[in-house]
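Quick notes on the structure that follows.
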Amino acid sequence: MSAAVAPLDEALERAAEAPVILVATDYDGVLAPFDADPMKATPVAGAIDTLRSLASLPGVHVAVVSGRDLTTLRTLTEIGEDEPIVLIGSHGAESSSAAVREAMEAAAVTPDDEATLAELRSDIEALVKEHHSDAHIELKSAAVVVHVRGLPREVGDAAIADARRVALDHPGVKVLKGKSVLELSVSHADKGSAVTALGRHVDAVARVYLGDDVTDEDAFTRMRRPEDLTVKVGTGSTAARYRVDDEPAAAALLSRLEQLCSATRDAS
Numbered sequence: 001m002s003a004a005v006a007p008l009d010e011a012l013e014r015a016a017e018a019p020v021i022l023v024a025t026d027y028d029g030v031l032a033p034f035d036a037d038p039m040k041a042t043p044v045a046g047a048i049d050t051l052r053s054l055a056s057l058p059g060v061h062v063a064v065v066s067g068r069d070l071t072t073l074r075t076l077t078e079i080g081e082d083e084p085i086v087l088i089g090s091h092g093a094e095s096s097s098a099a100v101r102e103a104m105e106a107a108a109v110t111p112d113d114e115a116t117l118a119e120l121r122s123d124i125e126a127l128v129k130e131h132h133s134d135a136h137i138e139l140k141s142a143a144v145v146v147h148v149r150g151l152p153r154e155v156g157d158a159a160i161a162d163a164r165r166v167a168l169d170h171p172g173v174k175v176l177k178g179k180s181v182l183e184l185s186v187s188h189a190d191k192g193s194a195v196t197a198l199g200r201h202v203d204a205v206a207r208v209y210l211g212d213d214v215t216d217e218d219a220f221t222r223m224r225r226p227e228d229l230t231v232k233v234g235t236g237s238t239a240a241r242y243r244v245d246d247e248p249a250a251a252a253l254l255s256r257l258e259q260l261c262s263a264t265r266d267a268s
């Protein structure tokens, strides 16, 4: 964990004491280290079991939030449809929670958005085929993503720059730059809106959110109540209040939170 272990542990203790708590975490770069093959990004050992233990405690609600589409997120986490853990995919545009889906209806993709996405996908596929064959394309329900992880920096930067220029030819496309990835989306959803909607639905007194990327900043900036605990995983500027070094540190933090929540509820 970071050097500020004591203050962070104190914040975890305060959050654990809340009668109703929402624990939400990003997937890639938090629960799972990155991999050159996105479908091989597997969770840190024990991390998903920790989330299951948290979700089994009274007054504790758990969500995994990702830019991944919902089907892929369920495949990677192996969290079953009958489990209480909420999955939020496509930056909030998809969710296993009916309450989140209802709250995000205003951000739903329109027929015009779908037409734009079809044109965008065609242009990006042509770009990669003709000029950046080493890059990888991921197609989502509301986005097309260019992955350059594992490529030489100058090669990856060139592919990202060209993909960004293609996006400029399509009005209304949202450009999201992540770690070795560029997502071009027609969705109007964001992680912060989806997580806060879930928090309202469960009447969370405290909200905990772990994220590593720029797309998680929407959640960090929305969670400013004294009871909230936001954690940036890794380097880079952030609006999060705390920071840990890497995915194993994030898994250790979640494990510590589970211990504190369990102890608090056993004592009550």
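Sequential numbering of the sequence shown, starting at 1, is according to the UniProt record's numbering.
Beta carbons: idealized from backbone N, C-alpha and C, even for Gly.
Inter-residue Cα distance where the pair is R218 and D190: It should be noted that the sequence gives Asp, not Arg, for residue 218. So the alpha carbons of these two residues sit roughly 7 Å apart.
When the Cα atoms are used, what is the spatial distance from V128 to A167? 13 Å
With distances taken Cα to Cα, identify the nearest neighbour of S133 among K140, D162, E119 and D113. D162
Report the rounded CA-to-CA distance for R68 versus A118, giving the unit in angstroms. 19 Å
My understanding is that G89 touches D212, with C-beta atoms under 8 Å, so please give their C-beta distance in whole angstroms. Incorrect: roughly 17 Å between the Cβ atoms, too far for contact.
According to DSSP, which residues form a beta bridge with H136? H147
From the DSSP output, in three-state form, read off H131 for me. helix
With a 10 Å radius around its C-beta and 16 neighbouring C-beta atoms as the bar for buried, classify A103 as buried or exposed. buried
Does the Cβ-Cβ distance between H91 and L176 come in under 9 Å? yes
Sequence-distant residues of the same chain with beta carbon closer than 6 Å to A135, five excluded per side: V128, V146, V148 and A159
What does the alpha-carbon distance come out to for the pair L120 and A204? 39 Å
The stretch 53 to 71 / the stretch 186 to 202 touching (three or more Cβ pairs under 8 Å): yes
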